[in-house]
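This report refers to the structure that appears directly beneath it.
Residue numbers (my numbering): 34 to 651.
Structure (structure tokens):
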């Protein structure tokens with residue numbers, strides 16, 4: 034008895050030691066040889082069915098988001114700088130809960146060959162399997178075969194780490210595991226392989242072979258697919274016409290489509306690790322005609338595209354705006370790390386009412402986020418940087434809201450091309466070539482910006498144009514309390530600025546922060562700068578006027594100044610670097626109570642480059 038007791042005691046200590054070593058490796062700042070990269074994490078939901086009760090979230094500097102640390106695997110360098118790639122880690126899944134699976138018997142049944150499971154129970158794979166001899170045709174899938182086919186509810190299939198290999202075939206579609214018309218099914222600990230090559234994806238055209246799918250679920254409810262390893266395959270996991278299911282803690286490598294959801298709803302895709310070795314055609318997560326699905330805490334690296342949510346084709350309505358069909362709606366993408374993809378990080382195409390929350394999206398070769406032909410897409414509290422083209426690209430979409438994001442180090446931070454009621458609010462947009470770019474190529478455009486903070490954007494903070502000569506294609510733009518800050522972004526020598534404009538036909542202008550250049554063109558002796566508030570408005574082409582422009586200041590900035598003597602001066606820095614400052618006379622009186630100075634009908638023409646200074650006259 035004593036010997037048995039001490040053996041159990043020592044064994045328990047050993048288990049505790051290993052647990053603490055595991056936790057220390059993944060959470061400690063002291064990982065030998067690996068600097069630490071921090072990602073913001075905010076648990077916005079608990080399960081997929083809670084999406085209807087979501088509330089708006091407000092963050093601030095005094096209440097930071099929860100931080101999760103990941104060790105860095107390597108550093109990648111692009112023309113816009115270097116960025117870190119976290120180590121590819123998929124957390125270990127928790128055990129199956131009795132609440133999720135209630136079986137009539139605790140006995141495990143051995144599976145040693147490809148088979149049909151048509152009776153409830155626990156099933157354990159005892160050997161590796163190859164091939165797909167079981168026909169799926171009774172379920173309406175012609176030329177489709179599986180290795181393991183499940184048609185019963187209340188099934189737990191544990192592959193126990195064994196492999197199922199299904200090769201591409203010229204005459205039929207293969208599936209390692211398929212589930213049809215069943216509820217409460219669990220699939221875990223499977224290693225699934227095929228011979229798909231992401232660098233030569235001949236299977237997309239099906240000219241030679243049919244596709245192979247790792248795990249296929251059709252007309253299934255309350256399934257859980259977790260802790261599986263799937264690689265070199267056309268489709269890793271497929272949810273078709275299924276609901277209330279969970280796909281998590283899986284690793285999918287080198288798949289054409291890693292995880293797909295089609296005509297499904299109320300599912301959760303979370304904590305998966307996905308990579309396809311830089312394929313230009315691979316797609317990590319594909320949602321088509323899918324609603325109320327949560328995509329959370331996935332690591333997606335080096336695929337063709339990261340996450341795509343698409344509906345059916347959109348159409349031009351009577352007002353000339355594109356309307357989505359709304360078949361892919363109410364989906365939440367949160368807490369994902371999406372990086373290093375060959376094209377886009379996230380795609381919204383012809384969809385309605387989806388949320389992108391608190392993701393890290395960076396190092397993608399095209400755009401971080403692409404929104405086309407969609408409505409009511411909301412981007413909140415994301416970090417989007419180092420994308421080669423745009424951080425966020427919006428085309429022919431309506432009612433997009435982009436708020437509280439950090440968007441930096443791309444060619445253009447945000448691009449808006451046509452669409453109605455698109456809004457930006459309280460974003461930090463910095464160190465891009467252009468901060469925000471607004472135009473209308475096809476239809477009229479309406480955009481508003483409130484409280485955005487711009488700095489360090491080399492070509493300009495906000496670029497606005499109306500390239501169309503068609504008088505029916507108007508570009509309406511409004512700002513409120515936008516901050517143009519110095520390149521450091523530390524709120525010194527900054528200007529708060531508002532404006533409204535119906536952009537003139539074939540006209541354009543660029544707004545930016547400007548330094549005083551006092552050594553080159555000093556202000557007149559009878560004026561002094563008010564807190565170094567300079568704004569540059571450049572006009573690359575066209576002519577016209579800006580309807581309303583307004584300067585703002587705070588009471589705390591007025592110490593030592595008399596706002597009743599405030600005035601606006603300007604000079605053309607483009608034609609002559611030493612050109613003299615002249616007073617702007619078409620001003621409304623200073624609004625002392627509102628701390629504003631306003632100008633109407635600001636004219637522009639040619640390729641001028643005007644610097645405006647808010648000053649106090651003596």
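Quick reminder that beta carbons are idealized off the backbone N, C-alpha and C, glycines included.
Residues of the same chain with a CB within less than 6 Å of the CB of residue 198, apart from the 5 flanking positions on each side, are 163, 226 in chain order. For a cut-off of 8 Å, the C-beta gap from residue 412 to residue 430 is around 12 Å, too long to register as a contact. Judged by DSSP secondary structure, residue 618 falls outside any beta strand (DSSP E); it is assigned neither H nor E.
Within the stretch 452-505, complete beta strand (DSSP E) segments of at least 3 residues are found at 452-458, 461-463, 467-472, 478-483, 486-488, 493-499, given in chain order. The closest CA to that of residue 527, considering only 152, 537, 547, 513, is found on 547. Excluding the 5 residues flanking it on each side, residue 483 has same chain C-beta neighbours closer than 6 Å at 458, 513, in chain order. Look at residue 598 here: in three-state DSSP terms it is helix.
Buried is the label assigned to residue 267, since at least 16 other Cβ atoms lie within 10 Å of its Cβ.
Assignment of residue 202 by DSSP, reduced to helix, strand and coil, places it in the coil class. Between residue 651 and residue 598, the gap from beta carbon to beta carbon is short of 9 Å.
Per DSSP, reduced to three states, the secondary structure at residue 636 is strand. Per the coordinates, the alpha-carbon of residue 329 lies some 30 Å from the alpha-carbon of residue 481. The DSSP-derived three-state label of residue 296 is coil. Sequence-distant Cβ neighbours of residue 245 in its own chain, meaning closer than 6 Å and more than five residues away, are 199, 201, 207, 227, 266, 267. Sequence-distant partners of residue 250 (beyond 5 residues in either direction) whose C-beta falls short of 6 Å from its own C-beta, in its chain, are 212, 256, 272, 275. The beta carbon of residue 392 sits closer than 6 Å to the beta carbons of 369, 415 from its chain, once the five residues preceding and following it are set aside; these are given in chain order. Non-local C-beta neighbours of residue 492 in its own chain, meaning closer than 7 Å and more than five positions away in sequence, comprise 466, 467, ordered along the chain. Here DSSP, grouped into helix, strand and coil, assigns residue 590 to helix.
With contacts defined by Cβ atoms closer than 9 Å, residue 579 and residue 543 do not form a contacting pair. In the DSSP annotation of this structure, the continuous segment of the beta strand (DSSP E) that includes residue 544 starts and ends at 540-546.
The Cβ atoms of residue 574 and residue 626 lie no closer than 9 Å to each other. Annotated three-state conformation of residue 170 is helix, per DSSP. Looking at the DSSP output, residue 423 bridges to 445. In this structure, the beta-carbon distance from residue 530 to residue 648 does not fall below 9 Å.
Looking at the DSSP output, residue 416 bridges to 393, 439.
DSSP, read as helix, strand or coil, puts residue 267 in strand. The Cβ atoms of residue 471 and residue 497 lie closer than 9 Å to each other. The beta carbon of residue 510 lies closer than 7 Å to those of 471, 480, 497, 534, 536 in the same chain, with the five residues before and after it left out. In the structure shown, the three-state DSSP call for residue 512 is strand. Of the residues assessed, residue 259 falls on the buried side of the cut-off, its CB having 16 or more other CB atoms within 10 angstroms.
Cβ-Cβ separation between residue 193 and residue 222: approximately 6 Å, consistent with a contact (criterion under 8 Å). In this structure, the beta-carbon distance from residue 307 to residue 269 falls below 9 Å. Straight through space, the alpha carbons of residue 629 and residue 390 are spaced by roughly 35 Å.
For the options 319, 327, 326, 323, the alpha carbon positioned closest to that of residue 338 is the one of 319. When the Cα atoms are used, residue 442 and residue 322 turn out to be separated by approximately 33 Å. Per the DSSP secondary-structure output, residue 246 pairs in a beta bridge with 208, 268.
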